[in-house]
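A.B. asks:
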Amino acid sequence: GPVSDIMKYSITPLFYSVVKDSMNFCHLSTDTECIYYALNLMSYCIVKSTNYCLLFFLNVLMLYGYVFVVGGASNGPDDTPIIAVMVAVSSLLVIVFIVIVLYMLRFKKYKQAGSHSNSFRLQNGRADDTELQSMPLLARSPSTNRKYPPLPVDKLEEEINRRMADDNKLFREEFNALPVCPIQASCDAASKEENKEKNRYVNILPYDHSRVHLAPLEGVPDSDFINASYINGYQEKNKFIAAQGPKEETVNDFWRMIWEQNTATIVMVTNLKERKECKCAQYWPDQGCWTYGNIRVSVEDVMVLVDYTIRKFCIQQVGDMSNKKPQRLVTQFHFTSWPDFGVPFTPIGMLKFLKKVKTCNPQYAGPIVVHCSAGVGRTGTFIVIDAMLDMMATERKVDVFGFVTRIRAQRCQMVQTDMQYVFIYQALLEHYLYGDTELEVTSLETHLQKLYSKVGSTNCSGLEAEFRKLTSIKIQNDKMRTGNLPANMKRIVVIIPVKRGEENTDYVNASFIDGYRQKDSYIASQGPLQHTIEDFWRMIWEWKSCSVVMLTELEERGQEKCVQYWPSDGSLSCGDITIELKKEEENESYTVRDLLVTNIRENKSRLVRQFHFHGWPEVGIPADGKGMINLIAAVQKQQQQSGNHPITVHCSAGAGRTGTFCALSTVLERVKAEGILDVFQTVKSLRLQRPHMVQTLEQYEFCYKVVQEYIDAFSDYANFK
Numbered sequence: 001g002p003v004s005d006i007m008k009y010s011i012t013p014l015f016y017s018v019v020k021d022s023m024n025f026c027h028l029s030t031d032t033e034c035i036y037y038a039l040n041l042m043s044y045c046i047v048k049s050t051n052y053c054l055l056f057f058l059n060v061l062m063l064y065g066y067v068f069v070v071g072g073a074s075n076g077p078d079d080t081p082i083i084a085v086m087v088a089v090s091s092l093l094v095i096v097f098i099v100i101v102l103y104m105l106r107f108k109k110y111k112q113a114g115s116h117s118n119s120f121r122l123q124n125g126r127a128d129d130t131e132l133q134s135m136p137l138l139a140r141s142p143s144t145n146r147k148y149p150p151l152p153v154d155k156l157e158e159e160i161n162r163r164m165a166d167d168n169k170l171f172r173e174e175f176n177a178l179p180v181c182p183i184q185a186s187c188d189a190a191s192k193e194e195n196k197e198k199n200r201y202v203n204i205l206p207y208d209h210s211r212v213h214l215a216p217l218e219g220v221p222d223s224d225f226i227n228a229s230y231i232n233g234y235q236e237k238n239k240f241i242a243a244q245g246p247k248e249e250t251v252n253d254f255w256r257m258i259w260e261q262n263t264a265t266i267v268m269v270t271n272l273k274e275r276k277e278c279k280c281a282q283y284w285p286d287q288g289c290w291t292y293g294n295i296r297v298s299v300e301d302v303m304v305l306v307d308y309t310i311r312k313f314c315i316q317q318v319g320d321m322s323n324k325k326p327q328r329l330v331t332q333f334h335f336t337s338w339p340d341f342g343v344p345f346t347p348i349g350m351l352k353f354l355k356k357v358k359t360c361n362p363q364y365a366g367p368i369v370v371h372c373s374a375g376v377g378r379t380g381t382f383i384v385i386d387a388m389l390d391m392m393a394t395e396r397k398v399d400v401f402g403f404v405t406r407i408r409a410q411r412c413q414m415v416q417t418d419m420q421y422v423f424i425y426q427a428l429l430e431h432y433l434y435g436d437t438e439l440e441v442t443s444l445e446t447h448l449q450k451l452y453s454k455v456g457s458t459n460c461s462g463l464e465a466e467f468r469k470l471t472s473i474k475i476q477n478d479k480m481r482t483g484n485l486p487a488n489m490k491r492i493v494v495i496i497p498v499k500r501g502e503e504n505t506d507y508v509n510a511s512f513i514d515g516y517r518q519k520d521s522y523i524a525s526q527g528p529l530q531h532t533i534e535d536f537w538r539m540i541w542e543w544k545s546c547s548v549v550m551l552t553e554l555e556e557r558g559q560e561k562c563v564q565y566w567p568s569d570g571s572l573s574c575g576d577i578t579i580e581l582k583k584e585e586e587n588e589s590y591t592v593r594d595l596l597v598t599n600i601r602e603n604k605s606r607l608v609r610q611f612h613f614h615g616w617p618e619v620g621i622p623a624d625g626k627g628m629i630n631l632i633a634a635v636q637k638q639q640q641q642s643g644n645h646p647i648t649v650h651c652s653a654g655a656g657r658t659g660t661f662c663a664l665s666t667v668l669e670r671v672k673a674e675g676i677l678d679v680f681q682t683v684k685s686l687r688l689q690r691p692h693m694v695q696t697l698e699q700y701e702f703c704y705k706v707v708q709e710y711i712d713a714f715s716d717y718a719n720f721k
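Under full-length UniProt numbering, the residue at position 683 of the sequence shown is numbered 683, and the numbers go up by one with no gaps.
Structure (structure tokens):
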């Protein structure tokens, strides 16, 4: 009835609870509050008499509920029996509610334990390697007696899909079933008062039975301790040493361990700082040499690539000049693409990184030292992927659960989150589905002959089969580097244009694309439309792009492909930006235009060079690769002179020809640096960053042809180096 009717009754709150961090029961204090909740909440009358009504409301999701007795205004017969029933029913409701709340709280804590790490989609959630100076130990115990036997590789994809179902429920169950510590192990050495400062995290300590023992220093008690543990590989005892990231106080000990263990390879899976927190002390000099304790370390070479950096050190023990020790070469592989949150977007970079480590580690060397910050999460992830790839090659099956269980008996919390656990499976599946597609340049010609041959009894060539693999990869929207992100943010990724007519829009259809040596080397963009010219130039200005590559004519086959976004002479005004043509020069297959771009509001000018390629026919692909090779060489030279900011590349849609240019530029740069190419994974990576990059089989084949042409005529393009 109306409010005036209900106001005639007394409303007695029998039960009300709110659950936040802990369970609290309280009563509504006034009739006003009672009336508010009775009127505004969806209540259910579950017991009713002439004078009384028992109202019940329960919100399980928000974890609160109410039970009201409404009545007392009428002069009816004695309702004591009814009230007794009401009290009994309300008591029952309270019990039911408590049970539901306890269940919800348990579920909530379980979700928090997953800490955003519950998705095979591998979003960059907060869950990560040990992040606090004292981090929560894995308080999990096997939640089920279910066995997780090794998986045959031909069942890997099917099993991963099955475990992904229902928000990765089965993956979480499997991870939570891992024993925290499969054996009774002591950490007496690490717990000594003298060694406490040597531990980065107070609860990530090496077990006594598997810890690395340093040679004691004379007169220094407990100088044999370092927070590091021996870890077995697939079939190799103590193949690895899992270590915490060195602290300032332990850098000397770290190098002492490298020397004493005869280590030739260091794998670093953290950045020095993440989220403004120190994760690892810099234990190497940027250049020249430095002495750490009695170990002199000199930098011989540094190679920076998009996902990792390779540093080569020459180390030598110093002190007794009469007994001078020989020098040794130590290579550090520093994986720099592990995000501050979660796990890498794709395992491609990690698999390349791991292969490089495997290839470069000498057979004679001691254990590979692997460290992140705590030396358990990312470190364990790297070690498990390495071991399972070896197992896959030998036995055609993988045993992730079993192997993680075994190495947790050597060091606590190895593979620390379910996101890392799922990432291992993703890396193994990636390798199984696509294999190792890297080629030495000397084997390209032979490989092309295989690609042009028919596959089995089918009528398609190896090249067609390879391209079909690319086009059959389904990428979920939330797996792609896409979204409506403003252009003035640090990263723009497939940015969607906003509606026409809106002023000062923050969006343009463009994508950052990684190159060979650095992230965001290119901005792949659609050709400007009449209403997006201003946005296009604003993007170029804001991201300091000094090179623009245009791969289409303004009109092809009678259709407009791109509007002219530069002046033929004089100047062109686009909002706050003015573009002035300073110089135009024709080359064999492209035109170079020097454009002075001025931001009136900032009162600053910048020279932008446009490379307009004319060698792409209206239908098909260029007849040869010479023009494209020359274009890439000219753009690279301009980049060296202008500061190496992102190269803006566009055709019409910003996918087919644009993707081909980006792929070739990346592949050829690697050919020059390493003598290795991987067209398949390069194009696959591009498609993860922007849809339909390298759009047709012809364009894909063109990539191979241009690389072969470049290799054949390498000496003619020395200026490309």
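We put the beta carbon where it would ideally sit given N, CA and C, even for glycine.
Source: prediction; values computed, not measured.
Of all the options Lys196, Ile100 and Leu697, which has the alpha carbon lying nearest to the alpha carbon of Cys460?
C.D. replies: If we check each option's Cα against that of Cys460, Leu697 comes out closest.
A.B. asks: How many angstroms separate the CA atom of Ser685 from the CA atom of Thr660?
C.D. replies: If you take the alpha carbons of Ser685 and Thr660, they lie about 12 Å apart.
A.B. asks: Tell me whether Glu438 sits in a helix, a strand or coil according to DSSP, three-state version.
C.D. replies: coil
A.B. asks: Name the two residues that bound the continuous beta strand (DSSP E) containing Val597.
C.D. replies: Unbroken beta strand (DSSP E) run through Val597: Tyr590 to Asn599.
A.B. asks: Check whether the Cβ atoms of Glu585 and Ser571 lie closer than 7 Å to each other.
C.D. replies: no
A.B. asks: Only counting runs of 4 or more residues, tell me where the alpha helix (DSSP H) segments fall wholly within the UniProt domain "Tyrosine specific protein phosphatases" (626-701), in order along the chain.
C.D. replies: 626-642, 656-674 and 679-689
A.B. asks: If contacts are defined as beta-carbon pairs under 8 Å, then Ile231 and Ile383 qualify, I think. What distance do you get, rounded to the angstrom?
C.D. replies: 6 Å
A.B. asks: Which parts of the region 324-407 are runs of the beta strand (DSSP E), unbroken and 3 residues or longer, counting only runs that do not cross its ends?
C.D. replies: 328-335 and 368-371
A.B. asks: Would a C-beta distance cut-off of 7 Å place Ala228 and Val212 closer than the cut-off?
C.D. replies: Yes, Cβ-Cβ distance for Ala228 and Val212 is below 7 Å.
A.B. asks: Once you ignore the five residues that flank Thr346 on each side, which residues in its own chain have a CB closer than 7 Å to its CB?
C.D. replies: Leu688
A.B. asks: I'd like to know whether the C-beta atoms of Arg657 and Glu618 end up nearer to each other than 7 Å.
C.D. replies: no
A.B. asks: From this set, Asn252, Ile621, Ile513 and Gln526, which residue's C-alpha is nearest Ala653's C-alpha?
C.D. replies: It is Gln526 whose Cα lies nearest to the Cα of Ala653.
A.B. asks: Quick check on Arg220: buried or exposed, where buried means 16 or more other Cβ atoms within 10 Å of its Cβ?
C.D. replies: Residue identity check: residue 220 is Val in the sequence provided, not Arg. Burial call: exposed.
A.B. asks: Anyone know if the C-beta pair for Leu439 and Leu677 falls short of 7 Å?
C.D. replies: Against a cut-off of 7 Å, the Cβ pair of Leu677 and Leu439 comes out as a contact.
A.B. asks: Using a 10 Å radius around the Cβ and a threshold of 16 neighbouring Cβ atoms, would you call Tyr364 buried or exposed?
C.D. replies: Counting every other CB atom within 10 Å of its CB across the protein chains shown gives Tyr364 a total below 16, marking it as exposed.
A.B. asks: Excluding sequence positions up to five away, which residues of its chain have a Cβ less than 7 Å from the Cβ of Asp340?
C.D. replies: Answer for Asp340: Glu274 and Arg275, listed in chain order.
A.B. asks: Have a look at Val404, Arg606, Gly675 and Met628 and flag the residue whose alpha-carbon is nearest the alpha-carbon of His614.
C.D. replies: Met628
A.B. asks: Tell me the DSSP secondary structure of His531 in three-state form.
C.D. replies: DSSP, read as helix, strand or coil, puts His531 in helix.
A.B. asks: Rounded to whole angstroms, what's the CA-CA distance from Leu389 to Leu428? Just pull it up for me.
C.D. replies: 7 Å
A.B. asks: Which stretch, first to last residue, makes up the beta strand (DSSP E) that contains Tyr292?
C.D. replies: Cys289 to Tyr292 is the span of the beta strand (DSSP E), which, as asked, contains Tyr292.
A.B. asks: Going by Cα to Cα distance, which pick from Arg690, Cys574, Phe254 and Val376 is closest to Met414?
C.D. replies: Val376
A.B. asks: Excluding the 5 residues flanking Arg670 on each side, which residues of the same chain have their C-beta closer than 7 Å to its C-beta?
C.D. replies: Tyr516, Ile676 and Leu677
A.B. asks: With H, G and I counted as helix, E and B as strand and the rest as coil, what does DSSP make of Ile577?
C.D. replies: Correct three-state label for Ile577: strand.
A.B. asks: If I follow the unbroken alpha helix (DSSP H) through Ser191, where does it start and stop?
C.D. replies: Asp188 to Ser191
A.B. asks: What distance in whole Å lies between the Cβ atoms of Arg408 and Cys181, which are believed to be in contact at a cut-off of 8 Å?
C.D. replies: Rounded to whole angstroms, the Cβ separation of Cys181 and Arg408 is 6 Å, and the two are in contact under 8 Å.
A.B. asks: Short of 8 Å in beta carbon distance, which residues of its chain neighbour Ile241, apart from the five on each side in sequence? Order them along the chain.
C.D. replies: Val212, Ala228, Ser229, Tyr230, Ile231, Met257, Gln261, Thr263, Pro367, Ile368, Val369 and Val370
A.B. asks: Take the Cβ of Val318 as the centre, count every other Cβ of all protein chains shown within 10 Å, and call the residue buried at 16 or more, exposed below.
C.D. replies: Counting the other CB atoms within 10 Å of its CB gives Val318 a total below 16, which places it among the exposed residues.
A.B. asks: What residue range does the beta strand (DSSP E) around Met164 cover?
C.D. replies: Element bounds for Met164: not the beta strand (DSSP E) but the alpha helix (DSSP H), Leu156 to Asn176.
A.B. asks: For the putative contact between Ile523 and Pro646, defined by C-beta atoms under 8 Å, what is the C-beta separation to the nearest angstrom?
C.D. replies: 5 Å
A.B. asks: Taking Cβ to Cβ, would you say Val455 is nearer than 7 Å to Leu178?
C.D. replies: With contacts defined as CB atoms closer than 7 Å, Val455 and Leu178 fail to qualify as a contacting pair.
A.B. asks: Who pairs with Met550 in a beta bridge, going by DSSP?
C.D. replies: His612 and His650
A.B. asks: Flag this pair as yes or no: are the beta carbons of Gln410 and Thr381 separated by less than 7 Å?
C.D. replies: no
A.B. asks: Is it buried or exposed, Met350, if we count other Cβ atoms within 10 angstroms and call 16 or more buried?
C.D. replies: buried
A.B. asks: Take Phe680 and list the residues in its own chain whose beta-carbon comes closer than 8 Å to its own, dropping the five residues that flank it on each side.
C.D. replies: Tyr434, Thr437, Glu466, Lys469 and Leu470
A.B. asks: What's the call for Met303, buried or exposed, on a 16-neighbour Cβ count within 10 Å?
C.D. replies: exposed
A.B. asks: What first and last residue would you give for the alpha helix (DSSP H) that runs through Gln518?
C.D. replies: For Gln518, no alpha helix (DSSP H) segment is defined, and its DSSP state is neither H nor E.
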